[in-house]
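S.K.: Chains as they are written, first to last, in the numbering used here: chain A, 1124 to 1166; chain B, 1197 to 1546. Glycine is no exception: its CB is placed at the ideal position from the N, C-alpha and C atoms.
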Amino acid sequence: STVVLVFQAPTLKPLKDRDDSSSEFRFNIRRGDRVRVGEALGR
Amino acid sequence: SSSQGQGSTFLLPGATVATLLMLGALHARRLYDDKKTEEAREKGIELEFQPDVKATFLRMIPLRSISRFWGSLTGIELPIWLRPYVYRAWARAFHSNLEEAALPLDNYASLKEFFVRALKEGTRPIDPDPCCLVSPVDGTILRFGELKGSGAMIEQVKGLSYSVSSLLGASSFLPMIADGDVQEKSSEQQSNLRENSKKSWWRFSLASPKVRDTVSARPTKGLYYCVIYLRPGDYHRIHSPVEWNVLVRRHFAGHLFPLNERATRTIRNLYVENERVVLEGLWEEGFMAIAAIGATNIGSIKLFIEPEFRTNLPRKKLVNSEPPEEQVYEPEGIGKILKKGDEVAAFNMG
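(1) Pull up the distance between the alpha-carbon of B:Ser1361 and that of B:Ala1487, whole angstroms please.
(2) Are the segment 1275–1285 of chain B and the segment 1247–1257 of chain B touching, with three or more C-beta to C-beta distances below 8 Å?
(3) Helix, strand or coil, according to DSSP, for B:Met1349 in the structure here?
(4) Could you check which residue in B:Thr1460, B:Val1442 and B:Val1333 has the C-alpha nearest to that of B:Arg1433?
(5) Determine which residues share a DSSP beta bridge with B:Ala1236 and list them.
(6) Using a C-beta cutoff of 8 Å, does A:Arg1153 count as contacting chain B?
(7) For chain A, check one thing: does any of its Cβ atoms lie closer than 8 Å to the Cβ of B:Ala1366?
(8) Counting only beta-carbon separations shorter than 8 Å, does B:Ala1268 have a partner in chain A?
(9) Using only alpha-carbon positions, find the residue among B:His1435, B:Glu1522 and B:Glu1502 that is nearest to B:Lys1532.
(10) Taking 8 Å as the CB-CB limit, is B:Asp1538 close to chain C?
(11) B:Pro1510: which of B:Gly1347, B:Gly1495, B:Leu1499 and B:Gly1210 sits nearest, CA to CA?
(12) Please compile the residues from chain A whose C-beta is within a distance smaller than 9 Å of the C-beta of B:Phe1483.
(13) Given this structure, state the Cα-to-Cα distance separating B:Thr1233 from B:Ala1289, to the nearest angstrom.
(14) According to DSSP, is B:Val1360 part of a helix, a strand, or is it coil?
(15) What residues in its chain sit with their C-beta under 6 Å from that of B:Phe1505, if we drop five residues either side in the sequence?
(16) Using a Cβ cut-off of 7 Å, pull out every chain A residue sitting near B:Val1333, in sequence order please.
(17) Looking at chain A, is there any beta carbon in it that lies within less than 8 Å of the beta carbon of B:Ala1487?
(18) How is B:Thr1416 classed by DSSP in three states: helix, strand or coil?
(19) At the level of alpha carbons, what is the spacing between A:Phe1130 and B:Leu1227?
(20) Any beta carbon from chain A within less than 8 Å of B:Phe1543's own beta carbon?
(21) Tell me whether the segment 1347–1360 of chain B and the segment 1435–1448 of chain B touch, counting them as touching only if at least three CB pairs, one residue from each stretch, are closer than 8 Å.
(22) Note the first and the last residue of the continuous beta strand (DSSP E) segment covering B:Leu1466.
(23) Within this structure, are the beta carbons of B:Arg1464 and B:Ile1489 separated by less than 8 Å?
(24) Could you give the residue range of the alpha helix (DSSP H) that holds B:Lys1250?
(25) Any idea what DSSP makes of B:Pro1280, helix, strand or coil?
(26) Classify B:Tyr1425 as helix, strand or coil using the three-state DSSP reduction.
(27) Please report the residue range of the alpha helix (DSSP H) in which A:Phe1130 lies.
(28) Anything in the segment 1239–1270 of chain B with a Cβ closer than 8 Å to a Cβ of chain A? List those residues in chain order, please.
(29) Could you spell out the range, first to last residue, of the beta strand (DSSP E) harbouring B:Leu1475?
(30) Identify each residue in the segment 1316–1328 of chain B for which the Cβ-Cβ distance to at least one residue of chain A is less than 8 Å, and report them in chain order.
(31) Under the rule that 16 or more other beta-carbon atoms within 10 Å means buried, what is B:Phe1483, buried or exposed?
(32) Quick check on B:Ser1292: buried or exposed, where buried means 16 or more other Cβ atoms within 10 Å of its Cβ?
(33) Take B:Asp1323 and list the residues in its own chain whose beta-carbon comes closer than 8 Å to its own, dropping the five residues that flank it on each side.
(34) Please confirm if B:Leu1426 has its CB atom under 8 Å from at least one CB of chain A.
(35) Strictly below 9 Å CB to CB, what residues from chain A border B:Leu1356?
(36) Determine the extent of the alpha helix (DSSP H) in which B:Phe1311 is found, giving its start and end residues.
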């Protein structure tokens, strides 16, 4: 069985619009990693 | 008559031995192929889509019926004395951790019940960081990334992709991607969409005209995806990855092809042809959807937020063009509120 997650999250603004508060979603996983329920996929 | 009797005495064991040898050879060949694939993956060689005759043959097999039969078989109540042996054998074969099971092994009446077992409290701590999105399942990361381009495609394997809209269905909430950017919907538009979603399931889609909120001052949003594969020995319950409102459930009746690595390489559009349940809604950053895709052995999906809902039911004929069955959760616009880590669904055997 397989689960596919699709979600919206902040991405980097175009360079001209960036400021100090700019943030983007980043995955902290790699392909082939084993993950468990509750572990962060990204921040 | 004596020689005839001797002939059948030799013929039967001979045929059995030959069949076993043949099956053994096929299994050895498969293990060898899998090892080669694993080695190639470790070397960073990207696997390519290779349709084969076996994949075509699979379409002719009644996999849904086989799946339901497997479900009935594994649902048979086992004698109490036998249960620990069966479950330990399963755990050994598929690398499950029996220490984590919430109940003693002899409390699970059947293999099916054991398969969807809950875990002891505290065995899956939820990352407390409010800025993180957590894994909804135990499994292996197959793909992840940001969706870009007008098609919003997810790669199944190199050379073969499927669109998000075909996976999730025509969605009222899925943001539109144009020119590489997600077209943000205003809160008023989202509220209208919630109202409209009950009336028609195809109202907006990725292919629909742009809805551009030119005055929005909100930060730029991207659309991301993550594909996680659950092996037979993995814990098979699905949890909420964030705090969110589940507004719609969509059920696509479909095939139940296997979902292993070999199948992803050889069966076209595997994820959009298989039976699946899509939960869709909104979280604080916008759109959120989870698609739970069934396979031959794990054919049905149980929703804890909708206990009466059933999948993998007998059907006369599968029609791919048929729209999915859709359920809008009450109260409209709020739906079912889930906290990060809440149990949402489970994959059942058969």
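M.R.: Walking through what the data contain:
(1) Here residue 1361 of chain B refers to the residue found at position 165 of the second sequence. Here residue 1487 of chain B refers to the residue found at position 291 of the second sequence. Straight across, the Cα-Cα distance linking B:Ser1361 with B:Ala1487 is about 12 Å.
(2) Three or more Cβ pairs closer than 8 Å define a contact, and the segment 1275–1285 of chain B falls short of that threshold against the segment 1247–1257 of chain B.
(3) On the second sequence, position 153 is the one that residue 1349 of chain B refers to. Three-state DSSP puts B:Met1349 in a strand.
(4) Mapped onto the second sequence, residue 1433 of chain B falls at position 237. Selected option, being the one with the closest Cα: B:Val1333.
(5) Looking up residue 1236 of chain B in the second sequence gives position 40. Bridge partners of B:Ala1236: none, in fact.
(6) Reading the first sequence from its first residue, position 30 is the one you call residue 1153 of chain A. Interface residue, yes.
(7) Taking the second sequence and counting its residues from 1, the one referred to as residue 1366 of chain B is at position 170. False, the Cβ-Cβ gap to chain A never drops below 8 Å.
(8) Residue 1268 of chain B sits at position 72 when you count from the first residue of the second sequence. The question names Ala, but residue 1268 of chain B in the sequence shown is Ser. No, because no Cβ of chain A sits closer than 8 Å to the Cβ of B:Ser1268.
(9) On the second sequence, residue 1532 of chain B is found 336 positions in, with the first residue counted as 1. Between B:Lys1532 and the set B:His1435, B:Glu1522 and B:Glu1502, the nearest pair of CA atoms involves B:Glu1502.
(10) Annotation note: the requested chain C is absent from the structure, which comprises protein chains A and B.
(11) Within the second sequence, residue 1510 of chain B is the residue found at index 314, counting from 1. Minimum Cα distance to B:Pro1510 is reached at B:Gly1495.
(12) Here the question's residue 1483 of chain B lines up with position 287 in the second sequence. Per Cβ cutoff of 9 Å: Val1129, Phe1130 and Gln1131.
(13) On the second sequence, residue 1233 of chain B is found 37 positions in, with the first residue counted as 1. On the second sequence, residue 1289 of chain B is found 93 positions in, with the first residue counted as 1. Within the model, the alpha-carbon separation for B:Thr1233 versus B:Ala1289 is close to 20 Å.
(14) Sequence index remark: in the second sequence, residue 1360 of chain B carries index 164 (1-based). For B:Val1360, the secondary structure class from DSSP, reduced to helix, strand or coil, is helix.
(15) For the purposes of this step, residue 1505 of chain B is identified with residue 309 of the second sequence, where counting begins at 1. Here the set comprises Leu1499.
(16) In the second sequence, the residue the question calls residue 1333 of chain B occupies position 137. Result: Val1126 and Val1160.
(17) On the second sequence, residue 1487 of chain B is found 291 positions in, with the first residue counted as 1. Interface residue, yes.
(18) Numbered from 1 along the second sequence, position 220 holds the residue referred to as residue 1416 of chain B. Annotated three-state conformation of B:Thr1416 is coil, per DSSP.
(19) For the purposes of this step, residue 1130 of chain A is taken as the residue at position 7 of the first sequence. For the purposes of this step, residue 1227 of chain B is taken as the residue at position 31 of the second sequence. Taking the Cα positions, A:Phe1130 is about 37 Å away from B:Leu1227.
(20) The residue given as residue 1543 of chain B occupies position 347 in the second sequence. The Cβ of B:Phe1543 sits closer than 8 Å to at least one Cβ of chain A.
(21) Remark: fewer than three beta-carbon pairs, one from each stretch, lie closer than 8 Å, so the segment 1347–1360 of chain B and the segment 1435–1448 of chain B are not flagged as touching.
(22) Stepping through the second sequence from its first residue, residue 1466 of chain B is reached at position 270. No beta strand (DSSP E) contains B:Leu1466, which is instead part of the alpha helix (DSSP H) from Leu1466 to Glu1469.
(23) The sequence position of residue 1464 of chain B within the second sequence is 268, counting from 1. The sequence position of residue 1489 of chain B within the second sequence is 293, counting from 1. For B:Arg1464 and B:Ile1489, no; Cβs fall outside 8 Å.
(24) Position 54 of the second sequence, counting from 1, holds the residue named residue 1250 of chain B. Taken as a continuous stretch (DSSP letters only), the alpha helix (DSSP H) holding B:Lys1250 covers Val1249 to Leu1254.
(25) Walking along the second sequence from the start, residue 1280 of chain B turns up at place 84. Note: B:Pro1280 maps to helix in three-state DSSP.
(26) Numbered from its first residue, the second sequence carries residue 1425 of chain B at position 229. Three-state DSSP puts B:Tyr1425 in a strand.
(27) Here the question's residue 1130 of chain A lines up with position 7 in the first sequence. First-last for A:Phe1130: Thr1125 to Pro1133, but that is the beta strand (DSSP E), not the alpha helix (DSSP H).
(28) The segment 1239–1270 of chain B vs chain A, Cβ under 8 Å: nothing.
(29) Sequence index remark: in the second sequence, residue 1475 of chain B carries index 279 (1-based). First-last of the beta strand (DSSP E) with B:Leu1475: Arg1472 to Trp1479.
(30) For the segment 1316–1328 of chain B, which is checked against every Cβ of chain A, the residues closer than 8 Å are Arg1320, Pro1321, Ile1322, Asp1323, Asp1325, Cys1327 and Cys1328.
(31) Counting from one through the second sequence, the residue named residue 1483 of chain B turns up at place 287. Answer is buried; the Cβ neighbour count reaches 16.
(32) Here residue 1292 of chain B refers to the residue found at position 96 of the second sequence. Buried, since its Cβ has 16 or more Cβ neighbours within 10 Å.
(33) Indexing the second sequence from 1 puts residue 1323 of chain B at position 127. Once the five neighbours on either side are set aside, the close Cβ partners of B:Asp1323 are Val1330.
(34) Counting from one through the second sequence, the residue named residue 1426 of chain B turns up at place 230. Yes, its Cβ sits closer than 8 Å to a Cβ of chain A.
(35) For the purposes of this step, residue 1356 of chain B is identified with residue 160 of the second sequence, where counting begins at 1. Simply none; closest approach about 15 Å.
(36) Your numbering for residue 1311 of chain B matches position 115 in the second sequence. Element bounds for B:Phe1311: Leu1307 to Phe1311.
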